[in-house]
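Chain order of the listed sequences is A and B. Per this note's numbering, the very first residue in the first sequence carries number 1; after that it's consecutive. Per this note's numbering, the very first residue in the second sequence carries number 267; after that it's consecutive. Glycine included, C-beta positions come from ideal geometry on N, C-alpha and C. Inspection log for the structure reproduced underneath, given as structure tokens.
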Amino acid sequence: MNVISLSGWDLTLAAFLLVLLAVTSFRIKLGLEKRMLIAGLRMTVQLLLIGLVLKTLFASCSFVLVFLMSLVMLLVAGYEVWARQKRKLIGARGYLVSTGSMLISSFTVTFLALTVMVGVDPWYTPQYAIPLLGMLLGNTMNGVALASDRLTSEIYNQRSLVEQRLLLGQSWQEASGDIRRDCMRTGMIPIMNSMAAAGVVSLPGMMTGQILGGSSPLDAVKYQILIMFLIAVGTGFGVIAAIWLISRQLFDERQRLVLENLSSVK
Amino acid sequence: MKAAHSPLSSPDTRRNREQGLRIQQISFLTNGPYDLTLSPGQCLGVTGPSGIGKTQLLRAIADVIPHGGDCLLDARSCSSFAAPVWRKTVALVPAESFWWYDTVAPHFVVDLGQGKICEWLGRLGFPGDVGSWQVSRLSTGERQRLSLLRTLSLTPRVLLLDEPTSSLDQKMVRVVEEILAELCVKEGMMCLWVSHDREQLFRVGTRVFSLEQHGLVQELCS
Chain A
1 MNVISLSGWD
11 LTLAAFLLVL
21 LAVTSFRIKL
31 GLEKRMLIAG
41 LRMTVQLLLI
51 GLVLKTLFAS
61 CSFVLVFLMS
71 LVMLLVAGYE
81 VWARQKRKLI
91 GARGYLVSTG
101 SMLISSFTVT
111 FLALTVMVGV
121 DPWYTPQYAI
131 PLLGMLLGNT
141 MNGVALASDR
151 LTSEIYNQRS
161 LVEQRLLLGQ
171 SWQEASGDIR
181 RDCMRTGMIP
191 IMNSMAAAGV
201 VSLPGMMTGQ
211 ILGGSSPLDA
221 VKYQILIMFL
231 IAVGTGFGVI
241 AAIWLISRQL
251 FDERQRLVLE
261 NLSSVK
Chain B
267 MKAAHSPLSS
277 PDTRRNREQG
287 LRIQQISFLT
297 NGPYDLTLSP
307 GQCLGVTGPS
317 GIGKTQLLRA
327 IADVIPHGGD
337 CLLDARSCSS
347 FAAPVWRKTV
357 ALVPAESFWW
367 YDTVAPHFVV
377 DLGQGKICEW
387 LGRLGFPGDV
397 GSWQVSRLST
407 GERQRLSLLR
417 TLSLTPRVLL
427 LDEPTSSLDQ
437 KMVRVVEEIL
447 AELCVKEGMM
457 CLWVSHDREQ
467 LFRVGTRVFS
477 LEQHGLVQEL
487 CS
């Protein structure tokens, strides 16, 4: 099946629908119209630019360019995870912990998938490496950000209880164990729900894209299954890593709670 | 100055050969440095104006807040103990207690139906089934008594008490004082008892001190 190429007119029509929504927002005083239009414009520019970047990248198949592109994606994902937390770890360590978690959750899993499961040659072929990494970063980011935000907030809110447990001779792992496990569950539940609902409630985006792009539904489904497993594994290990790394920063060498390492909420 | 009639002040203890707890130049935030010494079996009363840092002093000794100076137990520095071991040995009972399981029993490291803890529960007015009680239904006074027993079940060498009887009636106050006095006399346990109730401090303490600004510790006379 040939792909039906979309014209500029088709996209303008879709954009017009967004403008219609913005007008409605203005009429019913939602106050979202400005944000909506800016977000729409930003998304269009970002995607057009990334389209151009990917075109150059796919044509060159250069390891250095793929590496640089991946690095930029990782650094932005790390920043997003860090920025989404209400109470952040202050200083460079906050950003490093977030980026480190994303590195574990996405880079290692993508590398494993490219070398062992997909088996593409060379393994960094940009047509496979960049979309796979993008899917993993985008999806695991939510879980890691959710779990990290919950951990810092819960430890802060339950500081007296954590200190009580420390006073009774518990180690920092025991004193914060319930909270840490709860936060890990919070980070992993969305991907569990997505897996449970895939194909029944929703047709996942990548599969839909492949089908629209002309792939056979069975091939699309196989890739989607692979991606879902990878996202689940990446999210799980990313969340576990993030919770561990952040927790270590919240207790000092004498196992005292050091909330001074968290930013205050204004 | 000295409450000679107090059972807590008896020097005849099993561990009087040991050196006890020495608080050396302990400082925290803008408070201190403070120096205090506790011998085995001794109970020191500590009072002082609100906001002077009595609670923070206890938290610093329990090593749950960063502090300057050192605490030596039998001439061994606090830092030579693993942090959890130190906090079980020099245990703090905070003014407000916190609970994380639904029922009482899982918060204790010992079986509530046996040994000393069972006897103390009875003396403090709790029936045998207290372990199954819902924490959410405990009164403030019940929480305070159980919190003390929860810490005592760790068999600490030093007990740091922050207003331990503030929510109890007079009868229960006396029972708590008796139990702690027995532990000091028979087991050589040491107590650092913080309270605004000077009358009580003179009743239970070998000596009573008042914390003042700039690290001054003034001994009070009854």
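In this structure, the beta-carbon distance from THR303 (chain B) to GLY286 (chain B) falls below 8 Å. Within chain B, the C-beta atoms nearer than 7 Å to that of SER171 (chain A) come from PRO350, in chain order.
The beta carbon of THR417 (chain B) falls within 8 Å of a beta carbon belonging to chain A, placing the residue at that interface. A Cβ-Cβ contact shorter than 8 Å links VAL97 (chain A) with LEU89 (chain A). Using a CB distance cut-off of 8 Å, ARG185 (chain A) does not count as an interface residue toward chain B. At least one CB of chain A lies nearer than 8 Å to the CB of TRP366 (chain B). Bounds of the alpha helix (DSSP H) holding GLY236 (chain A) are 217-250. Per DSSP, CYS457 (chain B) lies in no alpha helix (DSSP H) segment; the continuous beta strand (DSSP E) that holds it begins and ends at 456-460.
Annotation: Cβ neighbours of SER160 (chain A) in chain B (cutoff 9 Å, chain order): PRO360, GLU362 and PHE364. Rounded to whole angstroms, the Cβ separation of PRO360 (chain B) and ARG256 (chain A) is 15 Å, and the two are not in contact under 8 Å. For PRO372 (chain B), no chain A residue has a C-beta closer than 8 Å to its own C-beta; the minimum C-beta separation is roughly 12 Å. In the displayed model, GLY214 (chain A) falls within coil according to three-state DSSP, outside both helix and strand. By the beta-carbon neighbour count (other beta carbons within 10 angstroms, threshold 16), HIS480 (chain B) is exposed. In the three-state scheme derived from DSSP, where H, G and I count as helix and E and B as strand, ILE289 (chain B) is classed as strand. Boundaries of the alpha helix (DSSP H) harbouring PRO190 (chain A): 177-197, taken from the DSSP string. Rounded to the nearest whole angstrom, the CA to CA distance from GLN158 (chain A) to LEU57 (chain A) is 49 Å.
With respect to LEU425 (chain B), THR417 (chain B) sits close: the two C-beta atoms are nearer than 8 Å. For LEU420 (chain B), at least one C-beta of chain A is nearer than 8 Å to its own C-beta. Among the bridge pairs identified by DSSP, THR303 (chain B) is matched with B:ARG288.
Burial state of CYS450 (chain B) is buried, judged by a 10 Å Cβ sphere holding 16 or more other Cβ atoms.
Each residue's CA atom was taken as its position, placing VAL53 (chain A) and GLN85 (chain A) some 30 Å apart.
Looking at the DSSP output, ASP428 (chain B) shares a beta bridge with B:VAL460. Counting along the chain, no alpha helix (DSSP H) covers ALA328 (chain B), and no H or E run does either. Contact annotation for ASP329 (chain B) against chain A: ARG254 and ARG256 [CB-CB distance below 8 Å, chain order].
Residue-level contact by beta carbon fails for PRO299 (chain B) and chain A, as no gap is shorter than 8 Å.
Within chain B, the C-beta atoms nearer than 7 Å to that of ASP178 (chain A) come from TRP366, in chain order. For secondary structure counted as the alpha helix (DSSP H) over 4 or more consecutive residues, the stretch 341-395 of chain B holds these complete runs in sequence order: 349-355 and 381-389. In the displayed model, GLY471 (chain B) falls within coil according to three-state DSSP, outside both helix and strand. In the structure shown, LEU338 (chain B) adopts extended strand secondary structure according to DSSP, grouped into three states. Contact between the stretch 337-352 of chain B and the stretch 308-323 of chain B is absent: fewer than 3 CB-CB pairs across the two stretches fall below 8 Å. In terms of CA proximity to VAL356 (chain B), B:CYS344 leads the group B:PHE364, B:GLY307, B:CYS344 and B:TYR367. Separation of the CB atoms of ILE179 (chain A) and ILE155 (chain A) is rounded to 6 Å, and the pair is thereby assigned contact status at 8 Å. The Cβ of ALA357 (chain B) sits closer than 8 Å to at least one Cβ of chain A. Between GLY143 (chain A) and GLY78 (chain A), the CB-CB gap reaches or exceeds 8 Å. PHE475 (chain B) places its beta carbon 8 Å or farther from that of LEU339 (chain B). DSSP, reduced to helix, strand and coil, places CYS450 (chain B) within a helical segment of the structure shown.
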